[in-house]
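Q:
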Amino acid sequence: MIYTITFNPSLDYVMKVKDFEEGKTNRSYQETIYPGGKGFNVSTILQCLGLENTALGFIAGFTGKEIEDQLKKRGFNLDLCVLDEGISRINVKMKSTKETEINGNGPNINNIKLDELLSKLDYLNNGDILILAGSIPSSLPDNIYETIMKRLILKKIKVIVDATGELLLNVLSYRPFLIKPNHHELEELFKTKINNQEEIIFYAKKLKEQGAINVLISLGKDGALLISEDNHVYFCNSAKGELINSVGSGDSMVAGFIAGYLKNKSYQEAIHLGSACGGATAFSDDLAKKEMIDKVYQQINVEVIE
Ligand SMILES: Nc1ncnc2c1ncn2[C@@H]1O[C@H](COP(=O)(O)OP(=O)(O)O)[C@@H](O)[C@H]1O
Ligand SMILES: O=P(O)(O)OC[C@H]1O[C@](O)(COP(=O)(O)O)[C@@H](O)[C@@H]1O
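Number 100 in full-length UniProt numbering belongs to position 100 of the sequence shown; there are no gaps in the numbering.
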């Protein structure tokens, strides 16, 4: 079974604003609300690709109820912990000439609720896949993903971590099967400006040396690079199309990568389907649908460059 965990779900409030001006009252010409959170997005795309999975996570308050109601329509199994206080966050995604995001901090999670979620991990068996995705509310320690990996160390579980900063760095020595920083997150991890493909490969290899089994660096419209388990470097172009809403592209890529890998354990297929899912979401209002993924897949080429 595949499991995802979303510690910090959201309602994503997407506002389209013509010529946004900082420091002024701007008015949007279109607003939409989607349930968000990296793990839930991964679950949605996995389900769309026909992979049954279970989403774990925390929800709180009226926003949490709305997230749950929307997710129930998506077909994957839901096993949520309901917090007694606070509300799940509303993340603002502003589309203007540029895309700007404000992601909330999220509600407090106390130790009792944390234990409730951690005890669910005891159901996991050898051969399962676990995806830890997204930020955590500041009430939790930033070694929580590490704690989970430690707890599962005796089981043969492939763990995928899509997170940033310390949350990610802290798990590397536990050998996550896949990590997927984007270009900007890679720069943040090494506190440096990364200017070209050679430098991206250099820093991605450093993450592999620190323990990650596969390192996938997503580059938005410029494609993606993978340093695979067997030390090959793959480059994949991005499809050409009209950018509608790139929120969730990274999560879609993670889901597509896993689905592609599971077909016949080929990394070429993993990055190919991953890029198709990421692109298909960028070209859709909400997360991608199967028809768009199939169409985008045809436009993508994978090269083994090392
Ligand atoms: N504008 C775009 N055009 C085509 N493909 C895109 C576009 N934006 C994202 N993608 C696809 O989705 C993947 C993940 O997107 P990216 O923006 O890098 O991730 P994140 O959402 O984590 O920042 C990219 O590597 C690419 O394959
Ligand atoms: O947990 P974080 O890092 O704040 O990110 C949460 C946000 O990430 C998303 O899952 C989208 O992520 P990506 O664009 O990186 O795929 C949104 O749905 C959500 O608002």
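Backbone N, C-alpha and C fix where the C-beta goes; we use that ideal spot for every residue, glycine too.
Per the DSSP calculation, Pro35 is bridged to which residue(s)?
A: Numbered from 1 along the sequence shown, position 35 holds the residue referred to as residue 35. BP columns for Pro35 point to Leu11.
Q: Measure the Cβ-Cβ separation of Asn91 and Ile109 and say whether it is below 8 angstroms.
A: As a first step, residue 91 is located in the sequence shown; it is residue number 91 there, counting from the start. As a first step, residue 109 is located in the sequence shown; it is residue number 109 there, counting from the start. It is not a contact, given that the beta carbons lie outside the stated cut-off.
Q: Helix, strand or coil for Ser139 per DSSP?
A: Within the sequence shown, the letter at position 139 stands for residue 139. Of the three classes helix, strand and coil, the one that applies to Ser139 here is coil, per DSSP.
Q: Once the 5 residues before and after Ile244 are set aside, which same chain residues still bring their CB inside 8 angstroms of it?
A: Taking the sequence shown and counting its residues from 1, the one referred to as residue 244 is at position 244. Cβ neighbours of Ile244 beyond the five flanking positions: Ala282, Phe283, Ser284 and Asp285.
Q: Compute the Euclidean distance between the alpha carbons of Asn41 and Gly248, then round it to the nearest angstrom.
A: Translated into positions along the sequence shown, residue 41 becomes position 41. Translated into positions along the sequence shown, residue 248 becomes position 248. Cα to Cα, Asn41 sits roughly 7 angstroms from Gly248.
Q: Give the straight-line distance between the Cα atoms of Ser173 and Gly256, rounded to the nearest whole angstrom.
A: As a first step, residue 173 is located in the sequence shown; it is residue number 173 there, counting from the start. As a first step, residue 256 is located in the sequence shown; it is residue number 256 there, counting from the start. Approximately 25 angstroms between the Cα atoms of the pair.
Q: For Leu225, count neighbouring Cβ atoms within 10 angstroms of its own Cβ and tell me buried if that reaches 16, exposed if not.
A: As a position in the sequence shown, residue 225 is number 225, starting the count at 1. Per the 10 Å Cβ criterion, buried.
Q: Are there 16 or more other CB atoms within 10 angstroms of the CB of Leu287, so buried, or fewer, so exposed?
A: For this step, residue 287 is matched to residue 287 along the sequence shown. Its Cβ being crowded by 16 or more others within 10 Å, Leu287 is buried.
Q: Is Ser10 near ligand 2 - that is, is its Cβ less than 7 angstroms away from at least one heavy atom of it?
A: Position 10 of the sequence shown holds residue 10. Yes, Cβ of Ser10 sits closer than 7 angstroms to a heavy atom of ligand 2.
Q: Taking DSSP as the reference, what is the three-state secondary structure of Leu114?
A: Position 114 of the sequence shown, counted from the start, is the residue given in the question as residue 114. Helix, per DSSP.
Q: At a cut-off of 7 angstroms, would you count Ser275 as near ligand 1, judging by its Cβ distance to the nearest heavy atom?
A: Here residue 275 corresponds to residue number 275 of the sequence shown, with the count starting at 1. True, at least one ligand heavy atom lies under 7 angstroms from that Cβ.
Q: When the distance is taken between beta carbons, is Ser88 closer than 8 angstroms to Ile112?
A: As a working note, residue 112 is residue 112 in the sequence shown. As a working note, residue 88 is residue 88 in the sequence shown. In this structure, Ser88 does not lie closer than 8 angstroms to Ile112 by Cβ.
Q: Do you know offhand how far Asn170's Cα is from Arg151's?
A: Start at 1 with the first residue of the sequence shown, and residue 170 comes out as number 170. Start at 1 with the first residue of the sequence shown, and residue 151 comes out as number 151. Taking the straight line joining both Cα atoms gives about 14 angstroms.
Q: What residues are listed by DSSP as bridge partners for Cys236?
A: Working through the sequence shown from its first residue, we reach residue 236 at position 236. According to DSSP, which records beta bridges pairwise, Cys236 is partnered with Ala224 and Val302.
Q: What separation, rounded to the nearest whole angstrom, lies between the Cα atoms of Gly186 and Val233?
A: For the purposes of this step, residue 186 is taken as residue 186 along the sequence shown, with counting starting at 1. For the purposes of this step, residue 233 is taken as residue 233 along the sequence shown, with counting starting at 1. The sequence given here places Leu at residue 186; Gly does not occur at that position. Cα to Cα, the separation comes out at about 17 angstroms.
Q: On the three-state DSSP scale, how would you describe Asp162?
A: As a working note, residue 162 is residue 162 in the sequence shown. It is a strand residue.
Q: Enumerate, from N- to C-terminal direction, the unbroken beta strand (DSSP E) stretches of 3 or more residues contained entirely within the region 167-234.
A: Qualifying beta strand (DSSP E) stretches, in chain order: 214-218 and 224-227.
Q: Mind checking whether Leu216 and Leu154 have CB atoms under 8 angstroms apart?
A: Here residue 216 refers to the residue found at position 216 when the sequence shown is read from its first residue. Here residue 154 refers to the residue found at position 154 when the sequence shown is read from its first residue. Contact: no.
Q: How big is the Cα-Cα spacing for Thr164 and His184?
A: Within the sequence shown, numbered from 1, the residue matching residue 164 stands at position 164. Within the sequence shown, numbered from 1, the residue matching residue 184 stands at position 184. When rounded, the distance between both Cα atoms is 10 angstroms.
Q: Counting C-beta neighbours from all protein chains within 10 Å, is the total for Val304 16 or more, i.e. buried, or is it exposed?
A: Reading the sequence shown from its first residue, position 304 is the one you call residue 304. Classification of Val304: exposed, given that the 10 Å Cβ count is below 16.
Q: Considering only the beta carbon of each residue, do Ile160 and Leu121 sit closer than 8 angstroms?
A: For this step, residue 160 is matched to residue 160 along the sequence shown. For this step, residue 121 is matched to residue 121 along the sequence shown. Their beta carbons are not under 8 angstroms apart, which means Ile160 does not touch Leu121 by this criterion.
Q: Under 7 angstroms Cβ to Cβ from Ser218, same chain only, skipping five residues before and after it: list those, please.
A: What you label residue 218 is simply residue 218 of the sequence shown in a count that begins at 1. For Ser218, where only same-chain residues beyond five positions count, the Cβ hits under 7 angstroms are Lys180, Asn182, Ala224, Gly250, Met253 and Gly278.
Q: Lys93: buried (16+ other C-beta within 10 angstroms of its C-beta) or exposed?
A: Indexing the sequence shown from 1 puts residue 93 at position 93. Lys93 should be labelled buried.
Q: Hey, quick one: how far does the beta strand (DSSP E) through Asn53 stretch, first residue to last?
A: Stepping through the sequence shown from its first residue, residue 53 is reached at position 53. Element bounds for Asn53: Asn53 to Ala60.
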